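K.L.:
Numbering of the sequence shown is given in the UniProt record's numbering, commencing with residue 1 and proceeding in unit increments. Just so you know, even glycine gets a beta-carbon here, dropped at the ideal spot from N, CA and C. Since we're looking at a predicted model, the values are computed, not measured. Below is one structure. I have some questions about it.
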Amino acid sequence: MTFSLPLIGAYSLAIFLGYLFGHQEWDFSSALKFAVFIFSACFFGLYMSYFILLKLIPIESMKSDKGLAFKMIAYSSLPIYLLGIVTALIPQTFFFFFLVIYAAYIIWEGLKVMRVNVDQRSWQTVVLSVLVLLMPYGLHKLLIYLSRFAL
Numbered sequence: 001m002t003f004s005l006p007l008i009g010a011y012s013l014a015i016f017l018g019y020l021f022g023h024q025e026w027d028f029s030s031a032l033k034f035a036v037f038i039f040s041a042c043f044f045g046l047y048m049s050y051f052i053l054l055k056l057i058p059i060e061s062m063k064s065d066k067g068l069a070f071k072m073i074a075y076s077s078l079p080i081y082l083l084g085i086v087t088a089l090i091p092q093t094f095f096f097f098f099l100v101i102y103a104a105y106i107i108w109e110g111l112k113v114m115r116v117n118v119d120q121r122s123w124q125t126v127v128l129s130v131l132v133l134l135m136p137y138g139l140h141k142l143l144i145y146l147s148r149f150a151l
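Okay, structure coming up:
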């Protein structure tokens, strides 16, 4: 968490500042709401991906500990956070977002370190890459949808 939490916080701060200074009016409450949604989505997306990884690959077959599995998920989330920070502060750089595919390479190498069979590693890389990339996005959209029902 000492690696991921500061990055998630910086991503949330960038969303807050980008929303605050990127709109005509200074809508502090909306900027804060979107920053909290991003923080929550990234934080819970990280843990949900980790728990799905533990269910997908049993610990006995990994021949490693749970800390290594969490590190792989945390390190593979790094491109999402960094590109999100840059895109939030400089919206014209949205076309760099294809670089989040680097997360799949980190997962591939992480599964090799965890001694997963090559036959299983390919499909597990695809599944985990989709989870790591889409889990925060899906949770963010869910939080926005649920906030419409709040008082």
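Using C-beta distances below 6 Å, list every residue in its chain close to S12, excluding the 5 sequence neighbours before and after it, in chain order.
P.N.:
Only A35, I38, F39 meet the Cβ criterion.
K.L.:
Among T2, F3, M1, I8, which one has its Cα closest to the Cα of L83?
P.N.:
Put simply, of T2, F3, M1, I8 the residue whose alpha carbon is nearest the alpha carbon of L83 is I8.
K.L.:
Give a yes or no on contact between the segment 92 to 110 and the segment 25 to 35, applying the rule of three or more CB pairs nearer than 8 Å.
P.N.:
no
K.L.:
How would you write the range of the alpha helix (DSSP H) that T87 sits in, first residue to last?
P.N.:
78 to 89
K.L.:
Under the assumption that F3 contacts A74 (Cβ atoms under 8 Å), give the Cβ distance between them as a whole number of angstroms.
P.N.:
6 Å
K.L.:
Under 8 Å, with one C-beta from each stretch per pair, do the segment 139 to 147 and the segment 40 to 52 reach the 3-pair mark?
P.N.:
Counting C-beta pairs with one atom in each stretch, the segment 139 to 147 and the segment 40 to 52 have three or more that are closer than 8 Å, which means they touch.
K.L.:
Do L128 and S49 have their C-beta atoms within less than 9 Å of each other?
P.N.:
yes
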